[in-house]
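Take a look at the structure below.
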Amino acid sequence: AQSVTQLDSQVPVFEEAPVELRCNYSSSVSVYLFWYVQYPNQGLQLLLKYLSGSTLVKGINGFEAEFNKSQTSFHLRKPSVHISDTAEYFCAVSESDYKLSFGAGTTVTVRA
Amino acid sequence: GAVVSQHPSWVICKSGTSVKIECRSLDFQATTMFWYRQFPKQSLMLMATSNEGSKATYEQGVEKDKFLINHASLTLSTLTVTSAHPEDSSFYICSRDGGGFNQETQYFGPGTRLLVL
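Protein sequence lines, in the order shown, are assigned to chains A and B. Letter by letter, the first sequence follows residues 5 to 116 in the working numbering. Letter by letter, the second sequence follows residues 6 to 122 in the working numbering.
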């Protein structure tokens with residue numbers, strides 16, 4: 005079974021500064037990797053996903069992530085954040101059964 | 006726009022009553038839908054996989070007689086919390102897969118907040 009570790013529970017960042025959210029996973033087989041964002045009292049919105057191919061994937065709202073198989077990581081980055089990026093971010097992994105396992109989440113707070 | 010809706014968005018009920026939550030796929034006939042619960046400040050935990058026309062598959066530790074799932078049509082799955090108790094208070098979120106060549110991606114509803122008094 006797969007598992008996901010998000011290394012940072014909270015990330016405070018100033019507006020227009022870069023941000024990186026770390027995600028590591030464990031699995032014995034090939035996986036699909038996802039980043040979702042959750043705004044308060046809302047469901048999850050897909051930011052980006054890695055299925056295969058290029059290890060650098062670009063998503064919505066200027067986010068990108070890089071899959072590193074040797075380090076079993078899938079870190080999320082944004083070069084310049086906005087106040088509106090304040091939210092909870094979840095890294096998730098699935099295997100061939102498509103069941104998602106989520107990390108504990110990272111709360112990003114963007115300050116002016 | 007939204008591809009999955011949930012109703013109601015929030016519900017308050019008395020202990021011992023049953024509550025039904027609906028999850029609708031708005032743009033796609035979904036043979037598979039998923040139900041999650043999320044406690045405050047915590048991650049999502051998969052409760053069960055809802056399969057159209059057959060029994061749901063429950064994750065380990067989830068009481069199937071407590072959380073009844075019905076996937077009677079390709080656009081609707083329902084979760085009924087039977088004899089609800091305060092410990093069942095949570096945020097319940099459903100999702101559907103992308104179907105076809107996008108089956109590995111899940112699209113989530115806005116969630117239903119349940120408060121049991």
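Positions of the beta carbon are idealized from the N, C-alpha and C atoms, including for glycine.
For Arg42(B), the nearest candidate out of Thr83(B), Val16(B), Cys99(B) (CA to CA) = Cys99(B)
Selection from Leu50(A), Val61(A), Leu104(A), Tyr93(A) that minimises the alpha carbon distance to Arg26(A) = Tyr93(A)
Taking the alpha carbon of Cys95(A) as the point to measure from, which residue in Leu55(A), Gly63(A), Val33(A), Leu80(A) has its own alpha carbon closest?
-> Leu80(A)
Note the first and the last residue of the continuous beta strand (DSSP E) segment covering Ser74(A).
-> Where Ser74(A) is concerned, there is no enclosing beta strand (DSSP E), given that its DSSP letter is neither H nor E.
Along chain A, in chain order, which residues have C-beta atoms closer than 7 Å to that of Thr110(B)?
-> Leu50, Lys53
For His12(B), I'd like the list of residues in its chain whose CB is within less than 6 Å of its CB, leaving aside the five on either flank, ordered along the chain.
-> Glu27
Beta-carbon proximity of Ala77(B) to Val121(B), cut-off 8 Å = no
If we call anything under 8 Å between Cβ atoms a contact, is Pro16(A) one with Pro83(A)?
-> no
Output, in sequence order along the chain, the residues in the stretch 20–48 of chain A whose CB is closer than 8 Å to any CB in chain B.
-> Tyr36, Phe38, Tyr40, Asn45, Gln46, Gly47, Leu48
What residues in the stretch 75–107 of chain A bring their beta carbon closer than 8 Å to a beta carbon of chain B?
-> Phe94, Ser98, Tyr102, Lys103, Leu104, Ser105, Phe106, Gly107
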